[in-house]
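Just so you know, the sequences run in chain order A and B. Here UniProt numbering is used: the first residue of the first sequence is 1, the next is one more, and so on. Here UniProt numbering is used: the first residue of the second sequence is 1, the next is one more, and so on. A virtual CB, placed ideally from N, CA and C, is assigned to each residue, including glycine. Have a look at the structure below, then the notes.
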Amino acid sequence: MAATADTVRQVEDVTGGAYKYGFVTDIDAEIAPKGLDESTIRFISAKKEEPEWLLEWRLKAFRQWQRMAEPNWAKVNYPPIDFQDIHYYAAPKKKDGPKSLDEVDPELLATYEKLGIPLKEQEMLAGVVAVDAVFDSVSVATTYKKELEKKGIVFCSISEAVHKHPELVKRYLGSVVPVADNYFACLNCAVFTDGSFVYIPKGVRCPMELSTYFRINAENTGQFERTLIVADEGSYVSYLEGCTAPQRDENQLHAAVVELVALDDAEIKYSTVQNWYPGDENGKGGIYNFVTKRGACRGKRSKISWTQVETGSAITWKYPSCILQGDDSVGEFYSVAITNNAQQADTGTKMIHLGRNTRSTIISKGISAGRADNTYRGLVRISKKAEGARNYTQCDSLLIGDKCGAHTVPYIESRNPSARVEHEATTSKISEDQLFYCLARGLSEEQAVSLIVNGFCKEVMKELPMEFAVEAQKLIGISLEGSVG
Amino acid sequence: MALLEIEGLHVEVEGKEILKGIDLVIEPGEVHAIMGPNGSGKSTLSYVLSGREGYEVTAGSIRFDGHDLLEMEADERAVAGIFLAFQYPVELPGVSGMTFLKEAVNARRKAAGEGDIDAMAFLKLVRAKAKGLGITDEMLKRAVNVGFSGGEKKRNEILHMAVLEPKLCVLDETDSGLDIDALKVVSDGVNALRDPARSMLVITHYQRLLNHIEPDKVHVLARGRIRRTGGKELALELEQKGYADFVEAA
């Protein structure tokens, strides 16, 4: 119980021993009371036994956040979020989830069925049981870890990294997404619970795809996830986030922050399949995903590549971006965003060209069906010093049915006359001719839509790591079921 | 038993009657040609047979291989053995031709209660059929009909037909847009599929296709009805006289 005694003392220290928020008697509580003020943040930090500097960092963020206003420029509609009506800390493994699969939305189960997910894993994804009760994740993780350790690669939770690699965390945390960058990122800084930390040493090529599927599920990382990936000079890593199976989550608001740092000649490939619960047909119960993802190509000839397949959540607000600081650095953004029923997605990227001869590519494929809205919002900025910078942007929208919407909002700012920026955009519909052609060959309507949409997304899908791509293809078909006819 | 039996078929498109009482019986192994001027309802007949939406049957019946065809959806008809070779094959950007064809094969196998075809067996099957049609591996890798010339599209249709082995092939103006050499390749491909158990309905404006694909019967479709039926010599007669008699009559 030494740890608990320690935390009590820490809380006493920071609150001046006054216990005025009444938390101390609850220090063993598994869950923080609803609401957000400085004592909530001290509670989280104490629970995680964080060093002083990190607590200060959180508090500073919180004070800034209080002065900020929720952004409203995105093309998404949702009722006001009551930030005082949220639990900001829940102990790992504690779940208020359903007791058995019988209590789970049958539609969700049908989807698991179609994706061919084993029963035990279904229980885990639906939140019936914790992951460690399911598969032998301990042994998987151990094998994994040993091989990585040999190469000097650090892959652990960010809380663990705070204790074991404080110098790295301190140097890079908040260095890509500043604390006060935006409303949701700032909130994340104040209350983030956990997430992943990756460090690839100089000249090391990570021998396997690092997947959150094995790591994150081992703990309940909550709704304010924090990820930091640092690729040192000449290193390479491919990181996979999310999984194709729809994940249920009791937390409606998700505000994650992901920071990537690539030094000289380093390359980071970051792939996401996001399939959080989109809610029912009317979007009720669906997740709000307000995430800030940004990569800094700090080094010369460094490269950061974002690939995302976004099919879930009621609202997606997400702009994975690259700051191309190092000369000859490269940024890429490949995105498929699918919205069906009442889903809303406002997503895109920012490519900030600072260094000479920096290059960026943006390929965005938006698909809307039902009554959904899908917006591409992007910024390509060429600074004065970005001599010879180049960008190619292609935004394609596909509409299914006549009640959905697709919007493209590209911003281009060029301050260097030698830069070359290209933008292409198309909007199309699945034609009745295409559907009939498929049907006349014996394909069902659902197969036909899936095939046509996958064809439309091909340029992005081929950027996904192989095993992910196959699942993502299936997922695209399933996401659009019932959208035609 | 006849493979296809059409009786008193009336069809409307957007409220306008296009087919006004079609009767047609095709026995297994027979090749029938339907000829007629533009707007006579030839393509409508092919779409009604394959179950396209927007073609409303107001009277009559179609029996196919023991099924009431009008009760079946387009994809059900296809897996039951009706194949439509399109006049204008449709482009599917990004969809690989091989994937598309494999899905079509597997749809059929699924309906027959069989498992998916083995990938190697499928590749072998397609290559064998493609060879006779002058379809290269490079063409097979392309997206369905994207960037294909008119002739390539038509050859690709015949490849689908050869791989899917339907019971009834409906060829909708397969000769349109083909030069003489391509016409020969396509016709040879079709002839290779002639079989005592397989029937064909060849829809065309011109007699020249029927020099290559010899029909057992020729029907003249004009103003929504079959106006005359004869042997292959009827096609030659039409070539000389044109459709004027049928357009003006009645």
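Collapsed DSSP secondary structure at residue i in the structure displayed
{"i": "A:Ala419", "result": "coil"}
{"i": "B:Ser240", "result": "For clarity, residue 240 of chain B is Gln in the given sequence; the question names Ser instead. Helix."}
{"i": "B:Asp23", "result": "strand"}
{"i": "A:Met466", "result": "helix"}
{"i": "B:Ser46", "result": "helix"}
{"i": "B:Val11", "result": "strand"}
{"i": "B:Thr174", "result": "coil"}
{"i": "A:Trp73", "result": "coil"}
{"i": "A:Cys438", "result": "helix"}
{"i": "B:Lys232", "result": "coil"}
{"i": "B:Glu5", "result": "strand"}
{"i": "A:Met208", "result": "coil"}
{"i": "residue 500 of chain A", "result": "In this structure chain A extends from 1 to 485, so residue 500 of chain A is not present and cannot be described."}
{"i": "B:Ala182", "result": "helix"}
{"i": "A:Ala472", "result": "helix"}
{"i": "A:Gln223", "result": "coil"}
{"i": "B:Arg194", "result": "coil"}
{"i": "A:Trp284", "result": "Note that residue 284 of chain A is Lys in the sequence shown, not Trp. The answer is coil: DSSP assigns A:Lys284 none of H, G, I, E or B."}
{"i": "B:Arg142", "result": "coil"}
{"i": "A:Ser431", "result": "coil"}
Buried or exposed by the 16-neighbour rule on C-beta atoms within 10 Å, applied to residue i
{"i": "A:Asn72", "result": "exposed"}
{"i": "B:Ala78", "result": "buried"}
{"i": "B:Ala104", "result": "buried"}
{"i": "A:Ser418", "result": "exposed"}
{"i": "A:Ile363", "result": "buried"}
{"i": "A:Ser45", "result": "buried"}
{"i": "B:Gly94", "result": "buried"}
{"i": "A:Thr272", "result": "buried"}
{"i": "B:Met35", "result": "buried"}
{"i": "B:Asp175", "result": "buried"}
{"i": "A:Ser305", "result": "buried"}
{"i": "A:Asn391", "result": "buried"}
{"i": "A:Tyr334", "result": "buried"}
{"i": "A:Met208", "result": "exposed"}
{"i": "A:Met461", "result": "buried"}
Cβ shell of residue i (< 7 Å), same chain only, five flanking positions each side left out
{"i": "B:Ala59", "result": "Gly8 and His10"}
{"i": "A:Lys75", "result": "Asp346, Asp373, Thr375 and His407"}
{"i": "A:Val177", "result": "Ala185, Val257, Glu259, Thr292 and Arg294"}
{"i": "B:Leu81", "result": "The sequence given here places Gly at residue 81 of chain B; Leu does not occur at that position. Asp65, Pro166, Lys167 and Leu168, listed in sequence order."}
{"i": "B:Val185", "result": "Leu133, Gly134 and Arg155"}
{"i": "A:Glu160", "result": "none"}
{"i": "A:Ile41", "result": "Arg58, Leu59, Phe62, Ala190 and Val191"}
{"i": "B:Phe122", "result": "Lys102 and Val105"}
{"i": "A:Glu70", "result": "Tyr183"}
{"i": "B:Ser46", "result": "Leu84, Val170, Asp172 and Ile203"}
Host alpha helix (DSSP H) of residue i (start-end)
{"i": "A:Glu446", "result": "Glu445 to Phe456"}
{"i": "B:Met120", "result": "Ala119 to Gly132"}
{"i": "A:Phe62", "result": "Glu52 to Gln66"}
{"i": "residue 487 of chain A", "result": "Since the first and last residues shown for chain A are 1 and 485, residue 487 of chain A lies out of range."}
{"i": "A:Glu241", "result": "Premise fails: A:Glu241 lies in the beta strand (DSSP E), Tyr236 to Gly242, not in any alpha helix (DSSP H)."}
{"i": "B:His212", "result": "Arg208 to His212"}
Contact set for residue i: own chain, Cβ-Cβ below 6 Å, skip 5 residues either direction
{"i": "A:Ala231", "result": "Ile200, Val237, Ala262, Ala266 and Ile268"}
{"i": "B:Ala111", "result": "Val79"}
{"i": "B:Asp75", "result": "none"}
{"i": "B:Val31", "result": "Met200, Pro215 and Asp216"}
Span of the beta strand (DSSP E) around residue i
{"i": "B:Phe83", "result": "Ile82 to Ala85"}
{"i": "B:Phe148", "result": "From DSSP, B:Phe148 is part of no beta strand (DSSP E); its letter is neither H nor E."}
{"i": "residue 488 of chain A", "result": "Residue 488 of chain A lies beyond the range of chain A shown here (1 to 485); nothing can be said about it."}
{"i": "B:Arg223", "result": "Taken as a continuous stretch (DSSP letters only), B:Arg223 belongs to no beta strand (DSSP E), as it is neither H nor E."}
{"i": "B:Ser199", "result": "Ser199 to Thr204"}
{"i": "B:His32", "result": "Val31 to Met35"}
{"i": "A:Asn289", "result": "Tyr288 to Cys297"}
{"i": "A:Ala260", "result": "Going by the sequence as given, residue 260 of chain A is Leu instead of Ala. Segment Val257 to Ala262, the beta strand (DSSP E) holding A:Leu260."}
{"i": "A:Lys318", "result": "Ile315 to Lys318"}
{"i": "A:Leu228", "result": "Arg226 to Ala231"}
Close-in-space but distant-in-sequence residues of the same chain around residue i (CB under 8 Å, 5 per side omitted)
{"i": "B:Asp245", "result": "none"}
{"i": "A:Cys206", "result": "Leu148, Lys151, Ile153, Ile200, Ser235, Tyr236, Val237 and Ser238"}
- Jot down the residue ranges of each uninterrupted alpha helix (DSSP H) in the segment 146-204 of chain A, minimum 4 residues, whole runs only, in chain order. 158-164, 166-172 and 183-191
- What runs of the beta strand (DSSP E), each 3 residues or longer, lie entirely inside the segment 323-411 of chain A? 330-339, 344-353, 359-368, 373-382 and 390-399
- Item | Completely contained beta strand (DSSP E) runs for the segment 50-107 of chain B, where each covers 3 or more residues | Taken in chain order, the complete beta strand (DSSP E) segments of 3 or more residues contained in the segment 50-107 of chain B are 55-64, 82-85 and 92-96.
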